[in-house]
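Structure, as structure tokens:
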Amino acid sequence: MNSISRFFWFCSGAHISTLAKHPTEHNKYIGIGATIFFTGLFAALSGGYAMYFVFKGDPAAVLFAVFFGIIWGLAIFNMDRYIVSSINKSASANKQILQATPRILLAIMIGIVISRPLELKIFDKEIKERLKVSYLNNQRSQIDTLNVAFENKYAIELGKLNEAKAQRDSTANGIKSDREKLNFEIFGNKTTETSGVMGYGPYAKRKETELRQREKELDTLTADVRALEKFVDGRKQFDGLMTEKLYTGKQLDSLTSLAGFADRNWALGQLSFNRDGTRDMSTSLAVTFIGLLFIFFECLPVFVKLMSSRGPYDKSVENLELTQIYQSDKDREFETTVIDDVQETRVSTETEKRKEIIKGQAYHDLKHHNWDS
Numbered sequence: 000m001n002s003i004s005r006f007f008w009f010c011s012g013a014h015i016s017t018l019a020k021h022p023t024e025h026n027k028y029i030g031i032g033a034t035i036f037f038t039g040l041f042a043a044l045s046g047g048y049a050m051y052f053v054f055k056g057d058p059a060a061v062l063f064a065v066f067f068g069i070i071w072g073l074a075i076f077n078m079d080r081y082i083v084s085s086i087n088k089s090a091s092a093n094k095q096i097l098q099a100t101p102r103i104l105l106a107i108m109i110g111i112v113i114s115r116p117l118e119l120k121i122f123d124k125e126i127k128e129r130l131k132v133s134y135l136n137n138q139r140s141q142i143d144t145l146n147v148a149f150e151n152k153y154a155i156e157l158g159k160l161n162e163a164k165a166q167r168d169s170t171a172n173g174i175k176s177d178r179e180k181l182n183f184e185i186f187g188n189k190t191t192e193t194s195g196v197m198g199y200g201p202y203a204k205r206k207e208t209e210l211r212q213r214e215k216e217l218d219t220l221t222a223d224v225r226a227l228e229k230f231v232d233g234r235k236q237f238d239g240l241m242t243e244k245l246y247t248g249k250q251l252d253s254l255t256s257l258a259g260f261a262d263r264n265w266a267l268g269q270l271s272f273n274r275d276g277t278r279d280m281s282t283s284l285a286v287t288f289i290g291l292l293f294i295f296f297e298c299l300p301v302f303v304k305l306m307s308s309r310g311p312y313d314k315s316v317e318n319l320e321l322t323q324i325y326q327s328d329k330d331r332e333f334e335t336t337v338i339d340d341v342q343e344t345r346v347s348t349e350t351e352k353r354k355e356i357i358k359g360q361a362y363h364d365l366k367h368h369n370w371d372s
């Protein structure tokens, strides 16, 4: 338990040897350290999960995710540790708030960054369903675009095909109607266009001859329609329309499993809206509150440090810092005094040396002058 306590003290950024002297402060800094540790842990999970999607499909994706997750978690852990430990509890309340403001803003940014990948995991099922709808709509739109382009490109050929089909259908309907009238004439059914006399008379023979001619016309029209359809199908095959089909369920599952971070992030944003474009308040609030939860969790160490009262540990740290500052000042005074004394000694020594040189030179000049006299 002592090792765990010291580990969380380290996480809180406290001076362990000083904190150990104040038992009443132990639990407070254990709580602060645990909060910072778990924030770093969530950051590692978040960063690793995001990196997994960046390298998804690569055999080393898991290795990259673990490595980056550890690096990212340690970076966030170190940043949070610095943010909390840099708040000076010896200052006034207003000054502490002023000190904490940029740190809180930084914590909010960190919370937003680490919350997004975890939100992607929480809403994984809903994201996959939204991606399936998106992929299906995109494929349908692509097929519609190709069809429109094809119709514009082969407008004349398609017009001829539709005209030939209309003539074929009209001829077929006319033959069917005339065949019915011929049967009425043969079996003696009285209508406005039949005699009502049973038997195969001159009218029936003439009608049958007309039907045979029209059936030949129908065969010709049918052959023309088939030729035009074959040409159009060939053009569709050449332009790739025959291979464009809507995705099957298995294909959609495969596509969503391979979706990258950007696609999943877009789908998460779309969860806040219904398919008709209206706002889905329940999902929107769920995503928002989960994001706010992680942001609050990231800011929690700073809030805990601000809310905590100034304890004996803070007083001891202040005294220790003042003592170190005083000692540093004294060390500076000592060094400057020594440097000054050394400098004075150097100056006096150099002065005496130069005086001796000047005296020697003067004596030499005087002696040389006497010899000349």
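Positions 0 to 372 (numbering that gives the first Met the number 0) are the ones given, in order, by the sequence shown. Every residue, glycine too, gets a C-beta built ideally from N, C-alpha and C. None of these values were measured; they are calculated from a predicted model.
Tell me the DSSP secondary structure of residue i in three-state form.
i, result
"ARG274", "coil"
"ASP252", "helix"
"ALA13", "coil"
"ILE294", "helix"
"PHE25", "According to the sequence as given, residue 25 is His; it is not Phe. HIS25: helix per DSSP, three-state reduction."
"LEU257", "coil"
"LYS329", "helix"
"LYS358", "helix"
"ALA42", "helix"
"PHE7", "helix"
"THR247", "coil"
"PHE54", "coil"
"GLY310", "coil"
"ALA266", "helix"
"ALA19", "coil"
"ALA90", "coil"
"SER2", "helix"
"ASP79", "helix"
"ALA59", "coil"
"ASP279", "coil"
"SER85", "coil"
Between the beta-carbon of residue i and the beta-carbon of residue j, is there less than 9 angstroms?
i, j, result
"THR255", "LEU119", "no"
"ILE121", "ILE324", "no"
"VAL65", "GLY39", "no"
"GLU216", "THR277", "no"
"GLY72", "ALA42", "yes"
"ALA49", "ARG115", "yes"
"GLY110", "GLU297", "yes"
"PHE7", "PHE36", "yes"
"GLY173", "ARG213", "yes"
"ILE126", "ALA261", "no"
"GLY113", "SER45", "Reading the sequence as shown, one finds Ile at residue 113 and not Gly. Yes, Cβ-Cβ distance for ILE113 and SER45 is below 9 angstroms."
"VAL316", "SER89", "yes"
"VAL231", "LEU292", "no"
Relative to the alpha-carbon of residue i, which residue among the options has its alpha-carbon at the smallest distance?
i, options, result
"GLY310", "LYS20, PHE7, ASN1", "LYS20"
"SER133", "SER4, ALA60, SER89, ALA258", "ALA258"
"ALA163", "ARG115, ASN151, LEU135, LEU227", "LEU227"
"PRO22", "PHE37, THR38, SER4, PHE36", "SER4"
"ALA33", "VAL303, ASP262, GLY110, SER176", "VAL303"
"ASN264", "ILE29, ARG102, LEU73, ASP123", "ASP123"
"ARG178", "ALA165, TYR153, LYS204", "LYS204"
"GLY30", "ASN146, LEU210, GLY248, VAL83", "VAL83"
"SER253", "TYR28, LEU135, ALA43", "LEU135"
"GLN166", "ASP218, GLU207, LYS152, ARG211", "ASP218"
"LYS27", "ASP339, LEU321, PHE37, SER308", "SER308"
"HIS25", "ASP328, ASP313, ILE357", "ASP313"
"GLU156", "GLU343, THR348, ARG234", "ARG234"
"TYR51", "LEU117, THR221, LEU220, THR287", "LEU117"
(Q) Going residue by residue through the region 99 to 157, where are the continuous alpha helix (DSSP H) segments of at least 4 residues, counting only ones entirely within it? (A) 123 to 152
Q. Is it a yes or a no for the region 271 to 280 touching the region 70 to 85, going by three-plus beta-carbon pairs under 8 angstroms?
A. no
Q) Using 8 angstroms as the threshold, is the region 0 to 20 in touch with the region 94 to 104, meaning 3 or more CB pairs across them? A) no
Q. Counting Cβ pairs, one atom from each stretch, are 3 or more of them under 8 angstroms apart for the region 281 to 291 and the region 139 to 157?
A. no
Q | Validate contact between the region 291 to 307 and the region 100 to 111 using beta carbons, cut 8 angstroms, 3 pairs | A | yes
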